[in-house]
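Numbered continuously in my numbering, the sequence shown closes out at residue 190. Below you'll find the structure, written out as structure tokens, and then a few comments.
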Amino acid sequence: MPQGQPTVVPDDGLTTRQRRNRPLVFVHTGVGKGKSTAAFGLALRAWNQGWPVGVFQFVKSAKWKVGEENALKVLGASGEGGTVAWHKMGEGWSWIQREPAAGEQSNEDKAREGWEQVKRDLAAETHRLYVLDEFAYPLHWGWIDTDEVIEVLRSRPGTQHVVITGRNAPQKLVDFADLVTDMSKVKHPMDAGQKGQRGIEW
């Protein structure tokens, strides 16, 4: 394994081991493809270490069966690694901005309900890795308060890692996170009119 040398050693009173194993917040943002894909790759590593993994999809349609969902559920049920819990909050919120039908929860309410579940799971230390997929959208839209999210993540107990994906991650979240990757787009087949492919996009 590569042995990276830190450029700065913080004066935080932690031992090297304590600092190495502290829980992290990741943000995958930007307009390029691969934000969720990278997060699910991290989930595979966590599963391999025997960690309980919680995936919370805040935007993608509840009817959309992404390939990673099936793969991680099968792995989680195999008994060989960690468990996997998969939660879908919405119905394609980033693509369909419509008024809810009578008696139906608004997308904003669903997003807040999902965040409340994440908060409960963090307090109970339910998972070791949380993938908050497309969570940057409800933060950007103002549906969920970024300051509250940062405070909850700052005070979370134990060694729970959290990865947040989505375009337009608020600057406050970017500043708070331990690891931030901005996925830039150089070229994409859709630019030339090609639609998404089975096995590539889902």
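Backbone N, C-alpha and C define an ideal beta-carbon position, used for all residues, glycine too. Remember, predicted model here, so these are calculated numbers, not experimental data.
When DSSP states are grouped into helix, strand and coil, Met171 belongs to the coil group. Counting C-beta pairs with one atom in each stretch, the stretch 105 to 121 and the stretch 152 to 160 have three or more that are closer than 8 Å, which means they touch.
Closest in C-alpha terms to Lys76, from the list Val168, Val(-4), Phe44, Asn156, comes Phe44.
Rounded to the nearest whole angstrom, the CA to CA distance from Arg7 to Leu167 is 14 Å. When DSSP states are grouped into helix, strand and coil, Thr134 belongs to the helix group. Between Gly22 and Met178, the CB-CB gap reaches or exceeds 8 Å. Taking C-alpha positions only, Leu30 is separated from Glu136 by approximately 25 Å. Each of Ala124, Pro145, Lys160 was checked against the Cα of Thr17, and the nearest Cα belongs to Ala124. Shown here, Leu110 sits in a helix according to DSSP, grouped into three states. When the alpha-carbon of Ala73 is set against those of Glu104, Pro11, Asp109, the nearest one is in Asp109. Contact check for Glu122 against Phe46 passes: the beta carbons are separated by less than 8 Å. The alpha-carbon of Gln185 is positioned some 42 Å away from that of Thr(-5). Beta-bridge annotation (DSSP): Val151 is paired with Phe14, Val119. The Cβ atoms of Phe164 and Ile132 lie no closer than 8 Å to each other. According to the DSSP secondary-structure assignment, Val(-3) is paired through a beta bridge with no residue.
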